[in-house]
Amino acid sequence: MNKSRIGVLGSAFDPPTMGHLDVILQAAPYMERILLVPSAAHPFGKQLVNFSHRLKMLELFISDISVNHCQVESCDLEYSLLADNPDHPVYTYDLLKRLEAIHQDKAELCFIRGPDNAKPAIWKRFYNADKIEQHWPIFTAQSRVRIRSSMVRRVLREFTNSQGKELLRKEFLKKMLSPSVYRYILNQNLYLNTGEPQ
Numbered sequence: 001m002n003k004s005r006i007g008v009l010g011s012a013f014d015p016p017t018m019g020h021l022d023v024i025l026q027a028a029p030y031m032e033r034i035l036l037v038p039s040a041a042h043p044f045g046k047q048l049v050n051f052s053h054r055l056k057m058l059e060l061f062i063s064d065i066s067v068n069h070c071q072v073e074s075c076d077l078e079y080s081l082l083a084d085n086p087d088h089p090v091y092t093y094d095l096l097k098r099l100e101a102i103h104q105d106k107a108e109l110c111f112i113r114g115p116d117n118a119k120p121a122i123w124k125r126f127y128n129a130d131k132i133e134q135h136w137p138i139f140t141a142q143s144r145v146r147i148r149s150s151m152v153r154r155v156l157r158e159f160t161n162s163q164g165k166e167l168l169r170k171e172f173l174k175k176m177l178s179p180s181v182y183r184y185i186l187n188q189n190l191y192l193n194t195g196e197p198q
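Take 1 as the starting number for the sequence shown in full-length UniProt numbering and just add one per residue.
This is the structure:
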């Protein structure tokens, strides 16, 4: 019996963008399912918007997108792992080990790596990067759609002072975000405050 292949894409998803969609579309032809796993906490110490907001945006993002022949779903396992052991960071290696235990012999896991994380200077910072490479296949996406979550946050914070800037902001954001994520961010006033995470 052939195992199905499950792709695992972890990210802060702060917020999910069209850049994430492009990574998903590149990987989808090789997967039966793709799990989108939002980070419970950023591995390199960056402050993130509250997990519940990021999970909700991810669910809205999934409802907006269309991916042929591949089921895309959110997975909050990293949050559960952190809640079980709050003093221990959740590493990609640990997440993959737990997912492997859950799916056992039913599916083969494949780690989906975005173009930023594939850069050697970044990849070598991953805990047990060599063991990940040895134990699981890795699909590395190409950098085709250069939209980053940091760009969205910057546009939201900087283009707010005048009507002209507001129009420009809307145009930028509609190209960077799916419609439901765009509306959610505006309705929740996310990313407008540069202070504490929301």
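Every residue gets a Cβ at the ideal spot worked out from N, C-alpha and C, and that includes glycine.
For Ala-129, the enclosing alpha helix (DSSP H) covers residues 129-135. The Cβ atoms of His-53 and Leu-177 lie no closer than 8 Å to each other. Taking the Cα positions, Leu-168 is about 35 Å away from Pro-120. Annotation for Gly-19: the continuous alpha helix (DSSP H) segment containing it runs 18-27.
Taking 8 Å as the cut-off, the Cβ atoms of Ser-143 and Pro-179 do not count as close. Using a C-beta cut-off of 8 Å, the stretch 90-104 makes no contact with the stretch 56-73, since fewer than three inter-stretch Cβ pairs fall below that distance. Bounds of the alpha helix (DSSP H) holding Leu-77 are 77-84.
In the three-state scheme derived from DSSP, where H, G and I count as helix and E and B as strand, Ala-107 is classed as strand. The distance from the Cβ of Trp-136 to that of Leu-96 is about 6 Å, consistent with a contact at the 8 Å cut-off. Phe-139 carries a strand assignment under DSSP once its states are collapsed to helix, strand and coil.
With respect to Cys-110, Gly-7 sits close: the two C-beta atoms are nearer than 8 Å. Here His-20 is buried. Its C-beta has 16 or more other C-beta atoms within 10 Å.
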